[in-house]
Amino acid sequence: MSKTKLKLNVISASEPKQLVLEVNDLSVSFGEQRVVEHVSFAIEKGKTFALVGESGSGKSVTALSILQLLPFPAAHYPAGSIKLMGKEVIGKNHAVMQALRGNCASMIFQEPMTSLNPLHTIEKQISEILFLHQGLNKKAAQLRCLELLELVAIPEPKKRLGSYPHELSGCQRQRVMIAMAFANEPDLLIADEPTTALDVTVQLQILELLKSLQAKLGMAILMITHDLNIVKHLADDVAVMKAGKIVEMGAVERIFSDPQHAYTKILLDAEPQRDMPTLIRTQPLLQVNDFKVWFPLKKGFWQRTYDHVKAVDGVSLQLYQGETLGIVGESGSGKSTLVRGLLRLIESEGDIYFNGTNLQGLNLTAMRAYRQSLQIVFQDPFGSLSPRMSVRQIISEGLEVQGKHSDAEIEIAIQQVLIDVALPAESLERYPHQFSGGQRQRI
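As structure tokens, this is what we get:
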């Protein structure tokens, strides 16, 4: 049984430079609002170019413009040019762009859970690309799907072909997205925050996979990220964006060693430091003893429990006022289950003392009084925010449920929290899909 062979593109130092992507004087507007202004950069074959900047700076809009994925006519291009392998893409019709997407350029999106179709199996979603661009029959497409899943190191690929996105871990979903992007071996790969929601160990695996596949295929990579550590270790060149403009651009070594623009210096200085002052410990704010979350395994007509999945088993910890406790581990190790259990969002056993009170002994009514003191920021902002509610409604809902604040007090609190997370006041009347991934996380 033969497999489709990957083309290996070895770039010789004597070969002339080949530009895969050329962006010249690009401006993007939504209605009358200019969100990207006079942006220019180019990427050579086999090179990695990083676009960095805070959320909302225009990075993802620039990336989506390259593949012409912005909504038309809401988004338009007052000026500029985008060329893929020498071919202009701005203004091209759907048929032309469909041929370019996947073949010439592919994209790994920021949130794989919302980018993959929840109603289709992994095999069907990858095969769709192969049917469209390569005209493969069903058997050949299945073989190619297996090859791609093996390429991105998905365990037990044959079993995973029939899986749905929700049946995979976050890391596996991201690997599937990479497999789809590599299906037609494109000249340009656009990676939009490809590791944002992944564990640190998994992030390293995904980044090493991208570099390995780049070396095999000789493709160019446009990396959209806010993680300067990723840029430092993976990119050849970098452009710093602020408010829709590139404020500084150059080789990674030069930008990190000798930044010229004030904003670039601010970004580099904003990297977390570990020089926090030592706090005097008194009573722990949170104390957890022998904490367990076991999920029953049932079988038979009567669904009798025959065993348990011990997701969290015998955990004890202490957290003091003003401190930060980090819980790390690979996907599936029980981190999120532990947190949901501590908040009593799922059933658990063991002691949970908060400010001296054992939360395990409280009924739902008594527990509600503690909810405002025990809050959580979920991993996937797009899946956590209601798409039918405006930002104002989302923020105010928690305050209204408490029933302790007047309308005026709620409005003051909403305005203040927007200032705290650096979002403009006009964000209140917008909906989650109108924000970047980083901005949704701030909400």
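Numbering (my numbering) for the sequence shown: 73 to 515.
Each residue gets a CB set at the ideal place from its N, CA and C atoms; glycine is no exception.
Since the model is a prediction, treat every value here as computed from it, not as a measurement.
Check, Outcome
"Assigned secondary structure, S225 (DSSP; H/G/I helix, E/B strand, else coil)", "In the sequence under discussion, the amino acid at residue 225 is Ala, which differs from the Ser named in the question. Here A225 sits in coil by DSSP."
"Assigned secondary structure, K117 (DSSP; H/G/I helix, E/B strand, else coil)", "coil"
"Contact between the stretch 238-246 and the stretch 488-498 (3+ Cβ pairs under 8 Å)", "no"
"Cβ separation of V124 and V303, assumed to be a contact under 8 Å, to the nearest whole Å", "6 Å"
"Helix, strand or coil at M157 according to DSSP, with G and I counted as helix", "coil"
"Distance between E200 and Q206 (C-alpha atoms, nearest Å)", "10 Å"
"Expected contact under 8 Å - CB spacing of H298 and S127 to nearest Å", "7 Å"
"E483 in three-state terms, based on DSSP", "helix"
"Exposure of D341, with buried meaning 16 or more beta-carbon neighbours within 10 Å", "exposed"
"Pick from Q513, E239, V111 and H238 that is closest to F454, judged by C-alpha positions", "Q513"
"Cβ contact (3+ pairs, closer than 8 Å) linking the stretch 89-101 and the stretch 150-161", "yes"
"Segment contact flag, the stretch 422-435 with the stretch 358-372, C-beta cutoff 8 Å, min 3 pairs", "yes"
"In DSSP terms, what Y425 is bridged to", "Q359 and N430"
"Best match in G394, S420, Q375 and T377 for proximity to V387 [C-alpha to C-alpha]", "S420"
"Residue span of the alpha helix (DSSP H) that contains F516, given as start and end", "Residue 516 is absent from the structure shown; the chain starts at 73 and stops at 515."
"Three-state secondary structure (DSSP) of K75", "Its pLDDT being 39, under 50, K75 is placed unreliably by the model, and nothing is read from it."
"Beta-carbon gap between Q140 and V111 smaller than 8 Å", "no"
"Entirely enclosed beta strand (DSSP E) segments - the stretch 245-318, minimum 3 residues", "260-264, 292-297 and 309-314"
"Chain-order list of residues whose beta-carbon lies under 8 Å from that of K79 (same chain, five-residue window excluded)", "With a pLDDT of 44 at K79, under the threshold of 50, the modelled position of this residue cannot be trusted, and the question is left open."
"Three-state secondary structure (DSSP) of I180", "strand"
"Residue environment, I278, which counts as buried when at least 16 other CB atoms sit within 10 Å", "buried"
"Endpoints, alpha helix (DSSP H) assigned at K164", "Where K164 is concerned, there is no enclosing alpha helix (DSSP H), given that its DSSP letter is neither H nor E."
"Beta-carbon proximity of L220 to A251, cut-off 8 Å", "yes"
"Own chain residues within Cβ distance below 6 Å of M321, not counting five before or after", "A311"
"Contact the stretch 222-230 vs the stretch 175-192: 3+ CB pairs below 8 Å", "no"
"Burial state of Q506, where buried means 16 or more other Cβ atoms lie within 10 Å", "exposed"
"Burial state of K314 (16 or more Cβ within 10 Å)", "buried"
"Nearest-angstrom Cα separation, counted from V449 out to K283", "31 Å"
"Same chain, Cβ closer than 8 Å to V82, five either side skipped, listed in chain order", "Its pLDDT being 43, under 50, V82 is placed unreliably in this model, and the value from its coordinates should be taken loosely. Answer for V82: G290, listed in chain order."
"C-beta atoms of A292 and G118 nearer than 8 Å", "yes"
"Closest residue to I262 among R464, Q182 and H305 (Cα-Cα distance)", "Q182"
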